[in-house]
Amino acid sequence: MVEGTKIAGIKRKADNDMEDLDAVNLAADWADISQGLRKDLGQQLHSQWIKPIQLGRIDGETGTLDLFLPTEFSANWVKDRFADRLSLAWKIARSEVRQVRIAVHPGRRQVSELRLGADSRRPANDAGTTSAIGADTIGESGFTSSVGLDASLTFAAFVTGQANVLAFNAAQRMSANEKPQFSPLYLKAATGQGKTHLLHSIGHAFLQVHRSSRIFYCSAERFMVEFVQALKAGRMMEFKARLRSFDLLLVDDIQFIIGKASAQEELLYTIDALLAEGKRLVFAADRAPQALDGVEPRLLSRLSMGLVADIQPADIELRKKILQSKLTRFAPLAVPDDVLDFLARTITRNIRELVGGLNKLIAYAQLTGQEVSLQLAEEQLTDILSANRRRITIDEIQRTVCQFYRIDRSEMSSKRRARAVVRPRQVAMYLSKVLTPRSYPEIGRKFGGRDHSTVIHAVRLIEDLRERDADMDGDVRSLLRQLES
Numbered sequence: 058m059v060e061g062t063k064i065a066g067i068k069r070k071a072d073n074d075m076e077d078l079d080a081v082n083l084a085a086d087w088a089d090i091s092q093g094l095r096k097d098l099g100q101q102l103h104s105q106w107i108k109p110i111q112l113g114r115i116d117g118e119t120g121t122l123d124l125f126l127p128t129e130f131s132a133n134w135v136k137d138r139f140a141d142r143l144s145l146a147w148k149i150a151r152s153e154v155r156q157v158r159i160a161v162h163p164g165r166r167q168v169s170e171l172r173l174g175a176d177s178r179r180p181a182n183d184a185g186t187t188s189a190i191g192a193d194t195i196g197e198s199g200f201t202s203s204v205g206l207d208a209s210l211t212f213a214a215f216v217t218g219q220a221n222v223l224a225f226n227a228a229q230r231m232s233a234n235e236k237p238q239f240s241p242l243y244l245k246a247a248t249g250q251g252k253t254h255l256l257h258s259i260g261h262a263f264l265q266v267h268r269s270s271r272i273f274y275c276s277a278e279r280f281m282v283e284f285v286q287a288l289k290a291g292r293m294m295e296f297k298a299r300l301r302s303f304d305l306l307l308v309d310d311i312q313f314i315i316g317k318a319s320a321q322e323e324l325l326y327t328i329d330a331l332l333a334e335g336k337r338l339v340f341a342a343d344r345a346p347q348a349l350d351g352v353e354p355r356l357l358s359r360l361s362m363g364l365v366a367d368i369q370p371a372d373i374e375l376r377k378k379i380l381q382s383k384l385t386r387f388a389p390l391a392v393p394d395d396v397l398d399f400l401a402r403t404i405t406r407n408i409r410e411l412v413g414g415l416n417k418l419i420a421y422a423q424l425t426g427q428e429v430s431l432q433l434a435e436e437q438l439t440d441i442l443s444a445n446r447r448r449i450t451i452d453e454i455q456r457t458v459c460q461f462y463r464i465d466r467s468e469m470s471s472k473r474r475a476r477a478v479v480r481p482r483q484v485a486m487y488l489s490k491v492l493t494p495r496s497y498p499e500i501g502r503k504f505g506g507r508d509h510s511t512v513i514h515a516v517r518l519i520e521d522l523r524e525r526d527a528d529m530d531g532d533v534r535s536l537l538r539q540l541e542s
């Protein structure tokens with residue numbers, strides 16, 4: 058009896074030691090994955106969304122790994138935007154992980170639900186998705202006809218402006234019933250400017266028009282993983298046959314296929330086969346095809362043979378429109394106009410950070426019961442704001458305006474009343490108010506000691522002219538792009 062008890066105790070200790078070892082190994086793998094994500098996403102996004110993740114356990118039967126976050130809001134955010142990337146990283150790191158489940162930490166779920174309320178727990182883009190992203194989602198061979206598209210990333214949800222209208226119209230043509238005039242379509246944009254949104258939108262719209270069609274959406278990174286797995290398993294013929302059976306091919310972040318000679322060759326043959334059959338291809342990258350280093354010339358020519366649609370950084374008007382479009386998710390919560398203006402003026406690096414800043418601000422207000430205000434935005438978005446803030450000076454504005462209108466810099470402070478001088482001076486005053494925190498009297502002093510009422514008149518006049526005069530609006534937009542770049 059005593060000996061049996063002793064043996065049972067030894068077994069329990071061994072089991073506990075094994076669990077401790079598994080936990081240590083799991084933590085080590087997570088440290089490697091987390092470090093890689095920090096390099097890909099940047100310090101700000103990583104600190105805000107990835108760093109708070111806590112590891113759960115791996116279910117030995119289903120191969121499901123639980124990842125926990127502190128609130129429903131953050132769990133939904135990570136699930137919507139990073140689930141595929143997390144799932145892929147874990148599958149590569151540990152073969153026993155077949156799917157990843159992202160959820161609120163069990164100990165915090167009840168508090169989160171009580172404080173956030175029913176409407177804000179489930180974001181609009183959550184419809185039709187599941188919390189498990191893994192083998193069932195990807196399918197036996199790694200390909201699928203529709204799963205993987207974000208339900209919220211549609212053409213209807215895409216806000217257009219001068220910076221992205223060409224890419225938007227080209228994307229709509231690619232998904233229409235008529236055969237497009239160009240293929241492939243190559244979307245070029247910096248991080249967070251909307252190229253991935255358009256890829257998802259094309260997929261959704263194409264499936265609505267061509268209901269029996271099959272599409273393939275993936276990142277270049279996932280394409281590489283599937284290619285290597287098929288190669289190791291001796292299933293390359295199946296890989297090629299299935300890849301070439303799709304009617305629409307959507308590949309994101311094509312720059313990450315750089316340097317993989319065998320994968321480049323397979324992609325080249327796939328492009329040729331699909332184009333020969335009149336099928337549609339869309340690629341997206343953060344640089345133009347000609348700027349892709351290490352890409353085989355033949356593949357480079359295929360990527361650039363259709364239409365290369367450039368998405369420019371969003372100007373301040375487009376940023377405001379995007380913020381306004383997102384507010385419908387949070388009704389009836391009120392966000393003052395001065396807060397939206399502040400966010401649009403200061404978070405300029407990319408749209409993803411802009412929307413993330415709005416979401417973070419609103420989540421904080423909901424969780425603490427505070428009203429959204431300019432002071433709250435300045436207090437709670439310090440990291441995002443400091444990363445985006447490039448201080449534009451009135452001197453810089455004056456210099457840029459003078460170069461644009463080809464007048465001497467001294468005219469900004471002169472008393473001359475000629476129209477060729479007055480209008481540029483008024484534009485510079487308007488831009489000084491829009492792009493700097495300076496008051497009307499401070500701006501007046503920088504323009505030859507003019508009274509604040511003169512500056513107010515100039516700002517209102519340019520605002521009015523922008524609404525009535527397309528040429529004036531175009532001039533101001535061009536100057537804004539120059540100053541904010």
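Here my numbering = 1-based position in the sequence shown + 57. The C-beta atom is built at its ideal place from N, Cα and C for all residues, glycine as well. Note that the structure is predicted; figures quoted are calculated from it, not measured.
Here Y243 is bridged, per DSSP, to F340 and V365. For I272, the uninterrupted beta strand (DSSP E) segment begins and ends at I272 to S276. K417 sits buried, since 16 or more C-beta atoms from the chains shown fall within 10 Å of its C-beta.
Boundaries of the beta strand (DSSP E) harbouring I115: Q111 to I115, taken from the DSSP string. Its chain contains V412 and L415 as the residues whose beta carbon lies nearer than 7 Å to that of K383, once the 5 sequence neighbours on both sides are disregarded; these appear in chain order.
The three-state secondary structure of F263, taken from DSSP, is helix.
Residue pairing for T121: DSSP places it in a beta bridge opposite Q156. Taking a 10 Å sphere around the C-beta of A277, we find 16 or more other C-beta atoms and assign the residue as buried.
For a cut-off of 8 Å, the C-beta gap from L255 to A228 is around 4 Å, short enough to register as a contact. Taking all protein chains shown into account, Q423 has 16 or more neighbouring C-beta atoms within 10 Å of its C-beta and is therefore buried. In the displayed model, D465 falls within coil according to three-state DSSP, outside both helix and strand. According to the DSSP secondary-structure assignment, V161 is paired through a beta bridge with L126. Here G501 is not near V491, since their CB atoms are 8 Å or more apart. When DSSP states are grouped into helix, strand and coil, D310 belongs to the coil group.
Setting aside the 5 residues that flank it on each side, E353 is surrounded in the same chain by A318, Q321, E322 and L325, each with a C-beta closer than 8 Å to its C-beta; the list follows chain order. With a threshold of 16 other beta carbon atoms within 10 Å, K377 meets it and is buried. Cα atoms of I314 and D86: separation of roughly 24 Å, rounded to the nearest angstrom. In this structure, F125 keeps its C-beta atom at 8 Å or more from the C-beta atom of Q105. Judged by DSSP secondary structure, F303 falls outside any alpha helix (DSSP H); it is assigned neither H nor E. I404 carries a coil assignment under DSSP once its states are collapsed to helix, strand and coil. With respect to the 8 Å criterion, F212 and L364 are not classified as neighbours on the basis of their beta carbons.
Going by C-alpha positions, S471 is about 38 Å away from P393. A direct Cα-Cα distance of roughly 30 Å separates R301 from Q250.
Excluding its 5 nearest sequence neighbours in each direction, F399 has C-beta neighbours in its own chain below 7 Å: L431 and A434, listed in chain order.
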